[in-house]
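As they're listed, the protein sequences go chains A and B. Take 305 as the starting number for the first sequence in our numbering and just add one per residue. Take 305 as the starting number for the second sequence in our numbering and just add one per residue. Don't be surprised by glycine CBs; every beta carbon is placed ideally from N, CA and C. Keep in mind the model is a prediction, meaning the values are calculated, not measured. Scroll down for the structure; my scribbles are underneath it.
There are 2 protein chains.
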Amino acid sequence: MDFDLARQLAQENGTKILLLVMDGLGGLPHPETGRTELETAYTPHLDIIARESACGFTVPVAPGITPGSGPGHLALFGYDPLVYNIGRGALEAVGIDFDLQPSDVAARGNFCTVDGDGRITDRRAGRISTERCTEIVAELRNIAVDGAQLFVEPVREHRFVLVLRGEGLSDRVSDTDPQAEGAIALPALATAPEGEATAALVNRFVEGSKAVLTDKHPANALLLRGFAKRPAWPSVTDVFKLRPAAVAHYPMYRGLARLVGMQALDVGPNLEDTVATLRENWDRFDYFFAHYKHTDTAGEDGDFGRKVAKFEEVDEHINALLALEPDVLMIAGDHSTPAIMAAHSWHPVPFMLRGKNTRADECKMFGETALLRGSLGTFPAKEALPLAMAHAGRLKKYGA
Amino acid sequence: MDFDLARQLAQENGTKILLLVMDGLGGLPHPETGRTELETAYTPHLDIIARESACGFTVPVAPGITPGSGPGHLALFGYDPLVYNIGRGALEAVGIDFDLQPSDVAARGNFCTVDGDGRITDRRAGRISTERCTEIVAELRNIAVDGAQLFVEPVREHRFVLVLRGEGLSDRVSDTDPQAEGAIALPALATAPEGEATAALVNRFVEGSKAVLTDKHPANALLLRGFAKRPAWPSVTDVFKLRPAAVAHYPMYRGLARLVGMQALDVGPNLEDTVATLRENWDRFDYFFAHYKHTDTAGEDGDFGRKVAKFEEVDEHINALLALEPDVLMIAGDHSTPAIMAAHSWHPVPFMLRGKNTRADECKMFGETALLRGSLGTFPAKEALPLAMAHAGRLKKYGA
Chain A
305 MDFDLARQLA
315 QENGTKILLL
325 VMDGLGGLPH
335 PETGRTELET
345 AYTPHLDIIA
355 RESACGFTVP
365 VAPGITPGSG
375 PGHLALFGYD
385 PLVYNIGRGA
395 LEAVGIDFDL
405 QPSDVAARGN
415 FCTVDGDGRI
425 TDRRAGRIST
435 ERCTEIVAEL
445 RNIAVDGAQL
455 FVEPVREHRF
465 VLVLRGEGLS
475 DRVSDTDPQA
485 EGAIALPALA
495 TAPEGEATAA
505 LVNRFVEGSK
515 AVLTDKHPAN
525 ALLLRGFAKR
535 PAWPSVTDVF
545 KLRPAAVAHY
555 PMYRGLARLV
565 GMQALDVGPN
575 LEDTVATLRE
585 NWDRFDYFFA
595 HYKHTDTAGE
605 DGDFGRKVAK
615 FEEVDEHINA
625 LLALEPDVLM
635 IAGDHSTPAI
645 MAAHSWHPVP
655 FMLRGKNTRA
665 DECKMFGETA
675 LLRGSLGTFP
685 AKEALPLAMA
695 HAGRLKKYGA
Chain B
305 MDFDLARQLA
315 QENGTKILLL
325 VMDGLGGLPH
335 PETGRTELET
345 AYTPHLDIIA
355 RESACGFTVP
365 VAPGITPGSG
375 PGHLALFGYD
385 PLVYNIGRGA
395 LEAVGIDFDL
405 QPSDVAARGN
415 FCTVDGDGRI
425 TDRRAGRIST
435 ERCTEIVAEL
445 RNIAVDGAQL
455 FVEPVREHRF
465 VLVLRGEGLS
475 DRVSDTDPQA
485 EGAIALPALA
495 TAPEGEATAA
505 LVNRFVEGSK
515 AVLTDKHPAN
525 ALLLRGFAKR
535 PAWPSVTDVF
545 KLRPAAVAHY
555 PMYRGLARLV
565 GMQALDVGPN
575 LEDTVATLRE
585 NWDRFDYFFA
595 HYKHTDTAGE
605 DGDFGRKVAK
615 FEEVDEHINA
625 LLALEPDVLM
635 IAGDHSTPAI
645 MAAHSWHPVP
655 FMLRGKNTRA
665 DECKMFGETA
675 LLRGSLGTFP
685 AKEALPLAMA
695 HAGRLKKYGA
């Protein structure tokens with residue numbers, strides 16, 4: 305929905321909307337059974353919801369487009385992911401609670417392994433531990449370059465964030481990460497004239513890192529990508545008149561939620577923690593984004609059986625979510641991650657909306673084939689929130 | 305898909321995409337049987353493809369819009385037909401291999417029959433033979449007008465092309481064809497100030513044609529329409545990183561394909577020729593547009609039975625197309641041409657996509673009612689190519 309229209313029509317009314325995102329929800333049929341992960345899983349509670357809900361599929365970005373986590377979530381938050389685009393570096397920085405300023409430039413960093421010729425032999429440095437990453441990052445903080453203040457922050461395993469702070473910095477800088485093993489790290493280059501000074505600063509940091517990393521095998525080099533500034537976006541409260549909270553354990557999703565003005569609540573790693581945090585904060589907000597990561601991880605690992613098991617784990621907690629009595633419950637995914645592809649994909653994502661005034665349909669279970677009989681059809685993910693608001697009585701009539 | 309986004313995400317990978325367009329594919333139920341042309345035809349090979357494919361319908365332009373051949377094809381090539389619009393004259397000129405220059409203005413010409421009062425009694429001059437058309441055109445070439453060089457080229461039967469070449473020409477000129485029998489040919493008028501000089505040149509050509517045509521009954525007058533310049537569009541290669549070839553026998557479709565940068569291969573009139581040309585050129589390109597005309601002609605003639613027979617003819621060649629082993633095969637139409645309407649129509653057009661990683665659906669045969677159970681739903685035709693590219697692994701992930 306157009307944001308000007310949303311501002312004009314949105315109204316507050318005390319109802320509660322709960323969005324459960326199962327990351328990487330959509331799947332593809334197992335070649336031996338013809339059934340997807342979701343269709344293989346025993347999910348009696350989700351199937352009851354399917355019978356009670358308006359069902360369908362969301363298209364995260366556009367037909368054929370495989371979304372990253374950013375666009376996939378922004379669409380479910382009501383933001384057109386082709387308009388509200390965020391660079392990887394900014395997302396990574398915001399996701400670790402780094403207080404990124406509007407003029408800062410952030411990049412995602414990876415430690416990697418290089419051979420004697422500088423060729424990359426492992427882009428992830430054997431996935432060193434987060435502790436080891438933190439130790440190495442501490443040494444990198446001693447690097448100084450004229451013209452900017454540098455911040456280096458550990459993220460998880462081999463990943464870190466580099467932030468440059470200073471006057472006249474630009475994010476028009478190319479990646480040093482060639483994204484291929486066997487290749488040599490690239491110099492940072494300006495992608496527009498205003499990026500030249502920043503590219504030079506980045507290259508000086510990389511140069512300075514060599515003395516630090518030479519004895520840190522397997523983390524004996526670093527790669528940078530996704531140079532980006534923090535976007536200044538309208539908030540969910542401004543546009544949709546909702547008080548939004550995020551219940552997400554992983555940093556990136558907390559960061560995404562903050563970018564649209566959600567309060568990121570403290571929450572533990574398990575579904576019990578998610579339910580407990582929702583329950584404790586139920587009276588303080590009226591829109592809740594609850595994030596479940598493990599379906600995506602299993603899909604990315606190509607582990608069909610584990611993805612099935614993760615759906616069954618979610619299913620066991622559905623009644624606890626229903627006990628909160630949300631006026632509208634959306635069961636959704638940010639994108640598909642079919643285990644047989646071991647990657648994100650472009651396929652439309654299963655979606656259910658349970659609330660008052662839903663139209664009946666012939667969808668009797670939560671699975672990709674059954675959902676084709678849903679009353680919502682296949683629709684852009686950015687329309688999910690307006691639809692939920694309508695069912696919650698939060699959208700006024702348009703026109704006389 | 306937005307072209308900037310396509311340029312950003314498209315990647316080459318050696319896969320082959322084959323688009324088979326059955327012109328005028330979609331139909332409507334026969335009043336006696338309740339089955340469409342496609343549902344009446346015995347098409348066992350297409351039905352097998354339906355079971356193996358992601359199925360659905362394309363909307364060529366927008367709901368309710370009946371497309372001409374140009375918009376219908378451009379959409380399937382990935383071009384938004386509301387943005388990439390071409391005038392009839394330019395299409396006709398490009399379709400006969402005329403080397404239309406960017407500053408030329410082209411019009412489609414029809415010979416027609418007029419009575420003693422100049423009233424049109426047959427807009428197609430009894431469909432004179434192409435040979436007769438060529439003879440008359442040769443005489444029209446002797447007409448000279450001050451201010452522009454004129455080219456007159458025969459097309460087929462009663463149709464020809466007029467091209468004006470010179471300084472400061474404009475296509476803001478109205479048709480002389482009233483598109484109604486019983487009416488009198490109209491003068492060409494400027495539809496904007498910059499069209500005035502060109503309109504005057506056109507009227508001088510028409511005036512000059514009278515002496516030539518007076519003894520050429522039934523081709524004793526001419527009508528002009530669709531004044532247009534050649535558009536300068538980005539190519540399929542530029543936008544989608546594909547090496548595209550067109551396997552089309554009819555001039556208009558070859559012309560359309562060339563406008564988006566496809567190489568129009570030499571091909572004979574029959575399906576065997578289509579298959580042979582595809583096979584001979586299979587290694588030279590990675591995107592093939594194969595055009596089959598006769599389903600549309602039968603539909604336009606209101607010949608339900610012949611359209612059924614033409615589907616059965618295509619069906620017999622499906623295995624030869626599969627033998628080429630395309631990574632993605634699309635079976636599509638540029639628009640519907642229901643025999644009971646004897647005209648193009650706005651109805652969504654049957655579509656199947658066969659390739660890796662398609663989601664299962666309940667569509668068991670290639671027919672309008674069965675396709676409603678397809679997993680693709682009803683979607684804009686311009687999204688078909690991005691979808692095919694996704695299945696071919698030719699689109700990178702969007703966003704972090």
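8 Å contact criterion, which residue i and residue j should meet: CB distance rounded
i: LEU466/A; j: ALA452/A; result: The pair is not a contact, with the Cβ atoms about 11 Å apart (cut-off 8 Å).
i: ARG311/A; j: ALA532/A; result: Rounded, the Cβ-Cβ distance is 27 Å, inconsistent with contact.
i: ALA354/B; j: VAL612/B; result: Not really, about 17 Å apart at Cβ, beyond 8 Å.
i: HIS553/B; j: PRO538/B; result: That pair is no contact at about 26 Å.
i: ARG558/A; j: ALA568/A; result: 4 Å
i: ASP450/A; j: VAL409/A; result: Not really, about 16 Å apart at Cβ, beyond 8 Å.
i: LEU657/B; j: HIS695/B; result: 6 Å
i: PHE655/B; j: LEU680/B; result: 7 Å
i: PRO707/A; j: THR417/A; result: With chain A covering only 305 through 704, there is no way to say anything about residue 707/A.
i: PRO406/B; j: ARG534/B; result: 6 Å
i: LEU378/B; j: LEU560/B; result: 7 Å
Spatial neighbours of residue i in its chain, beta-carbon cut-off 6 Å, leaving aside the 5 residues before and after
i: PRO555/B; result: GLY399, ILE400
i: GLU396/B; result: ARG412, VAL465
i: ALA594/B; result: LEU324, VAL551, THR578
i: ARG322/B; result: It should be pointed out that residue 322/B corresponds to Leu in this sequence rather than to Arg. Correct list, in chain order: PHE592, PRO630, LEU633.
i: PRO652/B; result: PHE361, VAL363, THR682
i: LYS614/A; result: HIS598, THR599, ALA602
i: LEU526/B; result: GLY413, PHE415, SER513
i: PHE381/B; result: VAL564
i: LYS320/A; result: ASP590, PRO630, ASP631
i: PRO642/B; result: GLY331, LEU332, SER649
i: LEU493/A; result: SER478, ALA503
Contact list for residue i against chain E, beta-carbon separation under 7 Å
i: GLU435/A; result: The structure shown contains no chain E; the protein chains it does contain are A and B.
Neighbourhood of residue i by C-beta distance below 7 Å, restricted to the same chain and skipping five residues each side
i: ALA624/B; result: VAL579
i: ASP518/A; result: Reading off the sequence shown, one finds Thr at residue 518/A, where the question assumed Asp. These residues qualify, in order along the chain: ASN524.
i: GLU443/A; result: VAL516
i: ASN507/B; result: PRO491, ALA492
Sequence-distant residues of its chain with Cβ nearer than 8 Å to residue i (five each side left out)
i: ASN446/A; result: VAL516
i: ALA646/A; result: GLY603, GLU604, ASP605, GLY606
i: PHE307/B; result: PRO538, VAL543
* Check each residue of the stretch 555-568 of chain A: if its Cβ is closer than 7 Å to any Cβ of chain B, include it; give the result in chain order. => none
* Asked: What beta strand (DSSP E) runs, 3 residues minimum, are completely inside the stretch 597-677 of chain A?
  -> DSSP runs (the beta strand (DSSP E)) wholly in the stretch 597-677 of chain A: 632-636, 653-659.
* Can at least three beta-carbon pairs, one atom from the stretch 432-442 of chain A and one from the stretch 497-504 of chain A, be found at a separation below 8 Å? -> no
* For the stretch 307-324 of chain B against the stretch 316-333 of chain A, are there 3 or more C-beta pairs whose distance is under 8 Å? -> no
* Write down every uninterrupted run of the alpha helix (DSSP H) in the stretch 473-543 of chain A whose length is 4 residues or greater and which is fully enclosed by it, in chain order. => Taking only runs of at least 4 residues, the alpha helix (DSSP H) segments lying wholly in the stretch 473-543 of chain A are 500-517.
* Asked: Below 8 Å, can you find three or more Cβ-Cβ pairs linking the stretch 364-381 of chain B to the stretch 421-436 of chain B?
  -> no
* Members of the stretch 375-393 of chain A that neighbour chain B once the beta carbon cut-off is set at 9 Å -> Cβ contacts with chain B: PRO375, GLY376, LEU378, PRO385, LEU386, ASN389, ILE390, GLY391, ARG392, GLY393.
* Asked: Residues in the stretch 687-702 of chain B with C-beta within 7 Å of chain A's C-beta atoms, listed in sequence order?
  -> GLU687, PRO690, LEU691, MET693, ALA694, LEU699, LYS701, TYR702
* Complete runs of the beta strand (DSSP E) confined to the stretch 309-360 of chain B [at least 3 residues] -> 321-326
* Asked: Between the stretch 576-596 of chain A and the stretch 411-423 of chain A, do at least 3 Cβ pairs fall closer than 8 Å?
  -> no
* Are at least three pairs of beta-carbons, each pair with one atom in the stretch 632-649 of chain A and one in the stretch 681-694 of chain A, less than 8 Å apart? -> yes
* Go through the stretch 394-427 of chain A residue by residue and report every complete run of the beta strand (DSSP E) that reaches 3 residues or more, in order. => 409-418, 424-426
* At a Cβ cut of 8 Å, what residues of the stretch 494-515 of chain A count as close to chain B, listed as they run along the chain? -> none
* Chain-ordered residues of the stretch 643-667 of chain B with a beta carbon less than 7 Å from chain A -> ASN661, ARG663, ALA664, ASP665, GLU666
* the stretch 484-493 of chain A touching the stretch 453-462 of chain A, judged by at least three CB pairs closer than 8 Å -> no
* **Cβ contact check for the stretch 666-679 of chain B and the stretch 381-391 of chain B: 3 or more pairs under 8 Å** => Look at the beta carbons and you see the stretch 666-679 of chain B not touching the stretch 381-391 of chain B: under three pairs across the two are nearer than 8 Å.
* Near-chain A residues of the stretch 672-684 of chain B - C-beta to any C-beta below 9 Å -> ARG677, GLY678, SER679, LEU680, GLY681, THR682, PHE683, PRO684
* At 3 residues or longer, and completely inside the stretch 557-582 of chain A: list those beta strand (DSSP E) runs for me, N to C. => none
* Against chain A: residues of the stretch 607-640 of chain B by CB proximity under 9 Å -> none
* To do: Using a Cβ-Cβ cut-off of less than 8 Å, list which residues of the stretch 364-375 of chain A approach chain B; keep chain order.
  => VAL365, ALA366, PRO367, GLY368, ILE369, THR370, PRO371, GLY372, SER373, GLY374, PRO375
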